[in-house]
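Enquirer: Taken in order, the sequence shown gives residues 285 to 722; the numbers are from my numbering.
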Amino acid sequence: MTITNPYQLSIHPQRDALYAELHSRQFQVIKSPSRVSYLAIMLDSEGKLADFLHFCDLFRRYGLVPPAEDGACLEFEINDIRIRRETHSEFVSYLVINEGGPFLRDPFATTSLQTLPPNWVANMVGVVVAAFHLAVEDAREQPEPELAEVKSFFEGMRLVGSQPQSGDAQLWTSFQLHSDGCGRFLVYNRNMSDSQLGRMVRRIIEIESYRLIALLGLPMAREYSRQLSSMDDKLASMTSLLSENTLKQDEPELLAKLIDMAAWVEDARAKCTYRFSATIAYHELVLKRLQELKEDEVSGHLTLTEFMTRRLTPAVRTCKTTNEHLESLSTRIDRVSDMMRTKVEMSIQAQNQHLLASMDRRSKIQLAMQHTVEGLSVAAISYYSVGLAKHLIEAVYDQGIDFDKSLVVGLSVPLIVGAVWFTTRRIHKGFLKLAKGQ
């Protein structure tokens, strides 16, 4: 639909996309009975492009025109089969809904996934993280079977069940993989419209897919938890060494160990931060979807919320604790590094003070030597000056001027010494002014 702008307003270029975003993944309208299959496939950006091309091939297999470009949600329908592909931040999901049958007594004897071309399914790109079937039965037309028969549909596994939407439906699952490698959910619709059923099925799908993706961080958390304990011990021993002032530590060696520890922690944070943050985010979504189910208990069985609270929440706490442990260790390494830098700086300052003191002593010795040399220089210069003056006095005496030559020479000595000393002091003061920058 083309929207005109009769008011000649300046429209933000992304406004239409913002409106479309809220309607990109609309709830399905699902009839009772029906069969649903769901796949969540982990893909990177290049894998998503290859998966889109593979999805376009499915259009051509059914004689349909494939979409021109990829989108957040692509869907088509062929006969009574609806196929929806959705792209998410780190995975792509496929939802296949069969509302045309045939529907057997065993709700998982035939699945919606079997309606797709087998060789197309086998050649899908990426790795599957979630794969399960959801069967919807109409309890208004056919009575619900006994619990023993329901359990047989799940190959005798322990059941988890509840009555969602305040008892308008009955939900059974095992949260386990079955003989076909997929999970199973069984819904008996008691008093829900097709729209309500579609929204509830969507919540169940998100609960199962998000809880599996949330658990992707658990193996990583367990692996790093063991290594973090060892790193804690190493850091504690290094801190103890730094606190022992009487011990002469090999500071370059300690600093090299700290750098290695810091590099390991930063590498671990780079690998884990996104995964642990995603785990926490997916867990919050799971809890929200569970709350929206509005479950009533079934006697003798855990509800989905109780099961998730007992099993999923501790796993998420492990991821959160490991993430906090990494952050704490990084902070503590920074503190120890600061201590090490402070210790090195103090050591350098002590060396500098020792060097300055040594230079001060040398300077005083040089000054004393300089004064001695200056005194000797005054004596030497005065001696040679008196000698020159004596020659000058003798030359004047030889010209016939009558005076006491020895007396004049004797009187010139203190005058010459005083003049030499005064001149030397003036030169010395001039050098001091230059040294002080005056």
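Ideal Cβ positions, reconstructed from N, Cα and C, are used throughout, including at glycine. It should be emphasised that the depicted structure is a prediction, and the values quoted were computed from it without experimental measurement.
So I325 and V411 are in contact, right, with Cβ under 8 Å, and what is the actual spacing, rounded?
Expert: The count along the sequence shown starts at 1 and reaches residue 325 at position 41. The count along the sequence shown starts at 1 and reaches residue 411 at position 127. Going by Cβ atoms, the distance from I325 to V411 rounds to 7 Å, so yes, they are a contact pair.
Enquirer: What is the DSSP secondary structure of L519, counted as helix, strand or coil?
Expert: Counted from its first residue, the sequence shown places residue 519 at position 235. In the structure shown, the three-state DSSP call for L519 is helix.
Enquirer: Do the region 551-567 and the region 434-449 make contact, defined as three or more Cβ pairs closer than 8 Å?
Expert: Counting Cβ pairs under 8 Å, fewer than three are found: no touch.
Enquirer: What residue range does the beta strand (DSSP E) around D300 cover?
Expert: As a working mapping, residue 300 is identified with position 16 in the sequence shown. Unbroken run through D300 is the alpha helix (DSSP H), R299 to E305; no beta strand (DSSP E).
Enquirer: Are the CB atoms of Y322 and L400 within a distance shorter than 7 Å?
Expert: One-based indexing of the sequence shown puts residue 400 at position 116. One-based indexing of the sequence shown puts residue 322 at position 38. No, they are not a contact pair.
Enquirer: Cα separation between C340 and F375?
Expert: Locating residue 340 in the sequence shown gives position 56, counting from the first residue. Locating residue 375 in the sequence shown gives position 91, counting from the first residue. Their Cα atoms are separated by approximately 18 Å.
Enquirer: Flag this pair as touching only if the region 662-682 and the region 631-647 have three or more C-beta atom pairs under 8 Å; answer yes or no.
Expert: No contact exists between the region 662-682 and the region 631-647.
Enquirer: Would you mind sorting Q292 into buried or exposed? The rule is 16 or more other CB atoms within 10 Å of its CB.
Expert: Locating residue 292 in the sequence shown gives position 8, counting from the first residue. With fewer than 16 Cβ atoms within 10 Å of its Cβ, Q292 is classed as exposed.
Enquirer: Nearest-angstrom Cα distance between P386 and E430?
Expert: Looking up residue 386 in the sequence shown gives position 102. Looking up residue 430 in the sequence shown gives position 146. Distance between the alpha carbons of P386 and E430 is about 22 Å.
Enquirer: What does DSSP give as the partner residues of H417 in its beta bridges?
Expert: Reading the sequence shown from its first residue, position 133 is the one you call residue 417. In the DSSP output, where bridge partners are listed per residue, H417 has S321 and R468.
Enquirer: Does the beta-carbon distance from A505 to T602 come in below 7 Å?
Expert: Numbered from its first residue, the sequence shown carries residue 505 at position 221. Numbered from its first residue, the sequence shown carries residue 602 at position 318. The Cβ atoms of A505 and T602 lie closer than 7 Å to each other.
Enquirer: I need the DSSP call for L531, collapsed to helix, strand or coil.
Expert: For the purposes of this step, residue 531 is taken as residue 247 along the sequence shown, with counting starting at 1. Low confidence applies here, because L531 scores a pLDDT of 46, under 50, leaving its location unreliable; read the following figure in that light. Assignment of L531 by DSSP, reduced to helix, strand and coil, places it in the coil class.
Enquirer: How would you label L432, buried or exposed, when you count the other beta carbons within 10 angstroms and need 16 or more for buried?
Expert: Looking up residue 432 in the sequence shown gives position 148. With the sequence shown as reference, residue 432 is identified as Ala, and Leu is not the correct amino acid for it. The residue in question, A432, is exposed, as its Cβ has fewer than 16 Cβ neighbours within 10 Å.
Enquirer: May I have the straight-line CA-CA distance separating S583 from Y472, to the nearest angstrom?
Expert: Taking the first residue of the sequence shown as position 1, residue 583 is located at position 299. Taking the first residue of the sequence shown as position 1, residue 472 is located at position 188. If you take the alpha carbons of S583 and Y472, they lie about 17 Å apart.
Enquirer: Taking DSSP as the reference, what is the three-state secondary structure of R345?
Expert: Indexing the sequence shown from 1 puts residue 345 at position 61. If DSSP states are grouped into helix, strand and coil, R345 belongs with the helices.
Enquirer: Helix, strand or coil: how does DSSP classify D644 here?
Expert: Working through the sequence shown from its first residue, we reach residue 644 at position 360. If DSSP states are grouped into helix, strand and coil, D644 belongs with the helices.
Enquirer: Go through the region 401-445 residue by residue and report every complete run of the alpha helix (DSSP H) that reaches 4 residues or more, in order.
Expert: 402-406 and 431-437
Enquirer: Just to confirm, are R487 and L577 a CB contact at a threshold of 7 Å?
Expert: Start at 1 with the first residue of the sequence shown, and residue 487 comes out as number 203. Start at 1 with the first residue of the sequence shown, and residue 577 comes out as number 293. Between R487 and L577, the CB-CB gap stays under 7 Å.
Enquirer: Using 8 Å for Cβ pairs, my map puts V420 next to S316. What's the rounded Cβ distance?
Expert: One-based indexing of the sequence shown puts residue 420 at position 136. One-based indexing of the sequence shown puts residue 316 at position 32. Contact holds; Cβ gap of about 5 Å.
Enquirer: Around the Cβ of P391, are there at least 16 other Cβ atoms within 10 angstroms (buried) or fewer (exposed)?
Expert: Residue 391 sits at position 107 when you count from the first residue of the sequence shown. Result: buried.
Enquirer: Is it buried or exposed, Q298, if we count other Cβ atoms within 10 angstroms and call 16 or more buried?
Expert: Position 14 of the sequence shown, counted from the start, is the residue given in the question as residue 298. Exposed.
Enquirer: Looking at the unbroken beta strand (DSSP E) that takes in S377, where does it start and where does it end?
Expert: Translated into the one-based positions of the sequence shown, residue 377 becomes position 93. That run of the beta strand (DSSP E) goes F375 to N382.
Enquirer: Quick check on the DSSP output: the beta strand (DSSP E) that includes I497 runs from which residue to which?
Expert: Translated into positions along the sequence shown, residue 497 becomes position 213. Here I497 belongs to no beta strand (DSSP E); instead the alpha helix (DSSP H) covers D478 to A498.
Enquirer: Beta-carbon within less than 6 Å of D452's beta-carbon, same chain only, minus the 5 sequence neighbours each way: which residues are those?
Expert: Position 168 of the sequence shown, counting from 1, holds the residue named residue 452. Around D452: R474, N475 and M476.
Enquirer: With a threshold of 8 Å, are at least 3 pairs of Cβ atoms found where one atom belongs to the region 414-428 and the other to the region 330-339?
Expert: The answer is no - the region 330-339 does not touch the region 414-428, with fewer than three Cβ pairs under 8 Å.
Enquirer: Any idea what DSSP makes of N636, helix, strand or coil?
Expert: Your numbering for residue 636 matches position 352 in the sequence shown. Here N636 sits in helix by DSSP.
Enquirer: Which residue wins for smallest C-alpha separation from I503, given the options C556, E537, A520 and S631?
Expert: Position 219 of the sequence shown, counted from the first residue, corresponds to residue 503. Going by the sequence as given, residue 503 is Pro instead of Ile. Relative to the Cα of P503, the nearest Cα in the group C556, E537, A520 and S631 belongs to C556.
Enquirer: May I ask which residues mark the beginning and end of the alpha helix (DSSP H) holding Q460?
Expert: Locating residue 460 in the sequence shown gives position 176, counting from the first residue. Taken as a continuous stretch (DSSP letters only), Q460 belongs to no alpha helix (DSSP H), as it is neither H nor E.
Enquirer: Rounded to whole angstroms, how far is the Cβ of V620 from the Cβ of L542, which I believe are closer than 8 Å?
Expert: Looking up residue 620 in the sequence shown gives position 336. Looking up residue 542 in the sequence shown gives position 258. Confirmed, Cβ separation roughly 6 Å.
Enquirer: Quick test of your reading: L613 and D516, contact by CB under 8 Å. State the CB separation rounded to the nearest angstrom.
Expert: The residue you call residue 613 lines up with position 329 of the sequence shown. The residue you call residue 516 lines up with position 232 of the sequence shown. Indeed they touch by this definition, with Cβ atoms about 7 Å apart.
Enquirer: If you reduce the DSSP assignment to three classes, tell me which class F339 lands in.
Expert: Residue 339 sits at position 55 when you count from the first residue of the sequence shown. F339 falls in the helix class under three-state DSSP.
Enquirer: Is F687 helix, strand or coil by DSSP?
Expert: For this step, residue 687 is matched to residue 403 along the sequence shown. Of the three classes helix, strand and coil, the one that applies to F687 here is coil, per DSSP.
Enquirer: Which two residues bound the contiguous beta strand (DSSP E) that contains T371?
Expert: If you number the sequence shown from 1, residue 371 lands on position 87. T371 -> beta strand (DSSP E) spans I365 to T371.
Enquirer: When we look at the beta-carbon of N382 and count the other beta-carbons within 10 Å, is it buried (16 or more) or exposed?
Expert: Position 98 of the sequence shown holds residue 382. Burial call: buried.
Enquirer: Determine the extent of the beta strand (DSSP E) in which E361 is found, giving its start and end residues.
Expert: The count along the sequence shown starts at 1 and reaches residue 361 at position 77. Looking at the DSSP string, the run of the beta strand (DSSP E) that includes E361 is C357 to I362.
Enquirer: Using a Cβ-based criterion (distance less than 6 Å to any ligand heavy atom), does P448 qualify as near the ligand SAH?
Expert: With respect to small molecules bound, the structure shown includes none, and the ligand SAH cannot be examined in it.
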